[in-house]
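A.B. asks: The letter at position 7 of the sequence shown is residue 488 when you use our numbering, and the numbering goes up by one with no holes.
There's a structure below that I have some questions on.
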Amino acid sequence: MGKAWNQTRVAEILGIEYPIIQGPLGGFSSQRLAAAVSNFGGLGSFGAHGLERGAISDIIAEIRSLTVKPFAMNLWVSMEDDGARTSDAAAFQRAASHLAPYISEVGGSQPSHSPYKPIRFEAQARILLDAKVPAFSFIYGIPPAEILEEAKRQGMVTLGTATTVDEATALEQAGVDIVVASGFEAGGHRGSFQQSSEDSLTGTISLVPQTVDAVSIPVVAAGGIADARGIIAALALGAEGVQMGTVFLATEDSGAHPLHREAILTGKARPTALTRGFTGRLARGIKNNLLDVMNQPGTEILPYPLQRALMRNLAIPAQKAGRADLLALWAGQSASLAHEIDVNELLKSLVTGVAARYKNCAGEGFK
Ligand SMILES: Cc1cc2nc3c(=O)[nH]c(=O)nc-3n(C[C@H](O)[C@H](O)[C@H](O)COP(=O)(O)O)c2cc1C
């Protein structure tokens, strides 16, 4: 008899039953969702990159009150792009002018320029280290060696995201435990850090087997995986786990606004597209009116994270006005495969679906 599909190094290292990771969802993460996935036997994650230290501590405490199982906290190693510190009020006004008519349309107040207050990765990471969170995942780079060493000493599992084979190799060389190979189908930001995001657009079916061949640490596949078929495909490519974001975003426990969840669940998520317009960094969302406006040539986009802050001035009144066409509707290319709103039902369908198909491979996996 071969191993059961879920007995992979990823499951073993993380101490979880199923190598299914609920991907961090940045500002749409929720403590309840992360805990529910961990309680089921997967790995729930919380994306904390936008939060100050106090808020991160509170969230870790709350997740711990909801589950005794392992969970991941996620940060962005690089927290600002070139030009963020020197961008001035004039640039702000030019970028804001593209949004002004839409903000007026939904009854919002026009934003005014305020000084940029950076959030530092190192300060956020300190909270994760002090709290000894079970797993620490990150994108947009490799943490400094002293942070990775301390995480290792504390027994924390580290997961780094790669969007190219070279990034995966660099993560392995830095001593990271698990590499998440994120293909360009993925929703939201993927976290390229060696080349520009535009030059790192490899799809999951190409990226995963090449990454598996290049590194000896276990590989988790991310991007476009939305059901049991996708998990089987990832395992067949040599991945030892999957990270899924969009399907979890659609569940009722996620932090996404109902309009956003509805856009995914009603199949309106086809097609998706890439834009820098929502945050200043390239990311994937549903192609709606706002995404088209932001991608128009000549639209001035502020460097990350200034553009992200600017866009909130439209997001809040647009939500109140029920205008999904003016929201950043993050989603991956497989969004239209998301149907389930109950996270436990989703996880059940994934594990039973994989187990049923895997048996047909003579119990020997895909070897
Ligand atoms: C709304 C949204 C926010 C995300 N935020 C983060 C994040 O903060 N950190 C991170 O590592 N990945 C983030 N991701 C990526 C997911 O964790 C996951 O890798 C990706 O969604 C997988 O592709 P899929 O959307 O096709 O399932 C985000 C994805 C979405 C859709």
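Just so it is clear, CB atoms sit at the ideal spot from N, CA and C, and this is done for glycine as well.
1. What residue ranges within the stretch 671 to 740 form continuous beta strand (DSSP E) runs of no fewer than 3 residues, ordered along the chain?
2. Quick one, which of E781, G507, T548 and P699 has its alpha-carbon nearest Q488's?
3. Please report how far the alpha carbon of R765 lies from the alpha carbon of L807, in whole angstroms.
4. Would DSSP call I494 helix, strand or coil?
5. Round the Cβ separation of W557 and F509 to the nearest angstrom and send it over; I've been treating them as touching at under 8 Å.
6. Helix, strand or coil for I659? Go by DSSP, reduced to three states.
7. Cβ of T756 within 8 Å of Cβ of N769?
8. Mind checking whether the beta-carbon of F602 lies closer than 7 Å to any heavy atom of ligand 1?
9. Taking Cβ positions, are F617 and M637 nearer each other than 8 Å?
10. Does any C-beta atom of chain C lie closer than 8 Å to the C-beta of G779?
11. Out of V824, M560, Q675 and Y499, which has the shortest C-alpha to C-alpha gap to V728?
12. Just confirm the distance between the C-beta atoms of L652 and A632, as a whole number of angstroms; I'd bet it's less than 8 Å.
13. Counting beta carbon pairs with one atom in the stretch 570 to 590 and one in the stretch 790 to 802, are three or more of them shorter than 8 Å?
14. Does the stretch 811 to 828 come close enough to the stretch 589 to 599 that 3 or more CB-CB pairs lie under 8 Å?
15. Going along the chain, which unbroken runs of the alpha helix (DSSP H) with 4 or more residues stay wholly within the stretch 599 to 652?
16. Who are the Cβ neighbours of Y499 in its own chain at under 6 Å, not counting the five residues just before and after it?
17. So, helix, strand or coil for S568, using DSSP?
18. Compute the minimum distance between the beta carbon of L730 and the heavy atoms of ligand 1, and state whether it is under 7 Å.
19. Could you tell me the distance, in whole angstroms, from the CA atom of G525 to the CA atom of E721?
20. For the alpha helix (DSSP H) that contains F521, what are its first and last residues?
21. Between the Cα of I706 and the Cα atoms of P739, S697 and G668, which residue gives the shortest distance?
22. In the DSSP assignment, what residue or residues form a beta bridge with I854?
23. I believe G528 touches N555 by the beta-carbon criterion, under 8 Å. Please report the beta-carbon distance rounded to the nearest angstrom.
24. Verify the contact flag: G504, CB atom, against every heavy atom of ligand 1, threshold strictly below 7 Å.
25. Can you say whether P778 is buried or exposed, counting buried as having 16 or more other CB atoms within 10 angstroms of its CB?
26. For L827, report the span of its alpha helix (DSSP H) as first-last.
27. With H, G and I counted as helix, E and B as strand and the rest as coil, what does DSSP make of S526?
28. If you drop the 5 nearest sequence neighbours on each side, which residues of the same chain put their C-beta closer than 6 Å to that of S678?
29. Less than 7 Å separating the Cβ of E493 from some heavy atom of ligand 1?
30. Ends of the alpha helix (DSSP H) at I540?
31. Shorter than 7 Å, the distance from the beta carbon of N769 to the closest heavy atom of ligand 1, or not?
32. Classify G564: buried if its beta carbon has 16 or more other beta carbons within 10 angstroms, exposed otherwise.
33. Pick out whichever of I797, R838, A805 and K829 has its Cα sitting closest to the Cα of S590.
C.D. replies: Taking the structure as given:
1. Runs of the beta strand (DSSP E) inside the stretch 671 to 740: 700 to 703 and 722 to 725.
2. The residue given as residue 488 occupies position 7 in the sequence shown. Of E781, G507, T548 and P699, the residue nearest in Cα terms is P699.
3. Taking the first residue of the sequence shown as position 1, residue 765 is located at position 284. Taking the first residue of the sequence shown as position 1, residue 807 is located at position 326. In this structure, the CA atom of R765 is about 15 Å from the CA atom of L807.
4. In the sequence shown, the residue the question calls residue 494 occupies position 13. Assigned with DSSP and collapsed to three states, I494 falls in helix.
5. If you number the sequence shown from 1, residue 557 lands on position 76. If you number the sequence shown from 1, residue 509 lands on position 28. Not really, about 15 Å apart at Cβ, beyond 8 Å.
6. Here residue 659 refers to the residue found at position 178 when the sequence shown is read from its first residue. Three-state result, I659: strand.
7. Taking the first residue of the sequence shown as 1, we reach residue 756 at position 275. Taking the first residue of the sequence shown as 1, we reach residue 769 at position 288. Result no, Cβ atoms of T756 and N769 do not sit closer than 8 Å.
8. As a first step, residue 602 must be located in the sequence shown, where it is residue number 121. Because no heavy atom of ligand 1 lies under 7 Å away, the Cβ of F602 does not count as near it: no.
9. By one-based count along the sequence shown, residue 617 stands at place 136. By one-based count along the sequence shown, residue 637 stands at place 156. Taking the C-beta atoms as reference points, M637 is found nearer than 8 Å to F617.
10. This model lacks chain C altogether; it includes just one protein chain.
11. Stepping through the sequence shown from its first residue, residue 728 is reached at position 247. Taking the Cα of V728 as reference, the smallest distance to any Cα among V824, M560, Q675 and Y499 is reached at V824.
12. By 1-based counting over the sequence shown, the position of residue 652 is 171. By 1-based counting over the sequence shown, the position of residue 632 is 151. Contact check for L652 and A632: beta-carbon distance about 13 Å, past the 8 Å limit, so the pair fails to qualify.
13. Contact holds: three or more Cβ-Cβ distances are below 8 Å.
14. No: fewer than three Cβ pairs fall under 8 Å.
15. Taking only runs of at least 4 residues, the alpha helix (DSSP H) segments lying wholly in the stretch 599 to 652 are 602 to 611 and 626 to 634.
16. Along the sequence shown, read from residue 1 onward, the residue named residue 499 stands at position 18. In its chain, beyond the 5 residues on either side, N487, G522, G523 and V832 have a beta carbon closer than 6 Å to the beta carbon of Y499.
17. For this step, residue 568 is matched to residue 87 along the sequence shown. Three-state DSSP puts S568 in coil, outside helix and strand.
18. On the sequence shown, residue 730 is found 249 positions in, with the first residue counted as 1. Yes, Cβ of L730 sits closer than 7 Å to a heavy atom of ligand 1.
19. Within the sequence shown, residue 525 is the residue found at index 44, counting from 1. Within the sequence shown, residue 721 is the residue found at index 240, counting from 1. Computed Cα separation, rounded: 17 Å.
20. Looking up residue 521 in the sequence shown gives position 40. Here the alpha helix (DSSP H) through F521 covers Q512 to F521.
21. In the sequence shown, the residue the question calls residue 706 occupies position 225. Taking only the C-alpha atoms, the option nearest I706 is G668.
22. Within the shown structure, residues of the chain are numbered from 482 to 848, placing residue 854 beyond reach of any answer.
23. On the sequence shown, position 47 is the one that residue 528 refers to. On the sequence shown, position 74 is the one that residue 555 refers to. Under the criterion of beta carbons closer than 8 Å, G528 and N555 qualify as touching, at roughly 5 Å.
24. What you label residue 504 is simply residue 23 of the sequence shown in a count that begins at 1. Yes - ligand 1 has a heavy atom lying nearer than 7 Å to the Cβ of G504.
25. Residue numbering aside, residue 778 sits at position 297 when the sequence shown is read from its first letter. Exposed.
26. Taking the first residue of the sequence shown as 1, we reach residue 827 at position 346. Looking at the DSSP string, the run of the alpha helix (DSSP H) that includes L827 is V824 to K840.
27. Translated into the one-based positions of the sequence shown, residue 526 becomes position 45. Assigned with DSSP and collapsed to three states, S526 falls in strand.
28. As a position in the sequence shown, residue 678 is number 197, starting the count at 1. Counting only Cβ-Cβ distances below 6 Å, and skipping sequence neighbours, we find L763.
29. Taking the sequence shown and counting its residues from 1, the one referred to as residue 493 is at position 12. No, the Cβ of E493 stays beyond 7 Å of every heavy atom of ligand 1.
30. Position 59 of the sequence shown holds residue 540. Segment R534 to L547, the alpha helix (DSSP H) holding I540.
31. By 1-based counting over the sequence shown, the position of residue 769 is 288. No - ligand 1 has no heavy atom lying nearer than 7 Å to the Cβ of N769.
32. Along the sequence shown, read from residue 1 onward, the residue named residue 564 stands at position 83. With fewer than 16 other Cβ atoms within 10 Å, it is exposed.
33. Stepping through the sequence shown from its first residue, residue 590 is reached at position 109. Nearest C-alpha to S590 among I797, R838, A805 and K829: I797.
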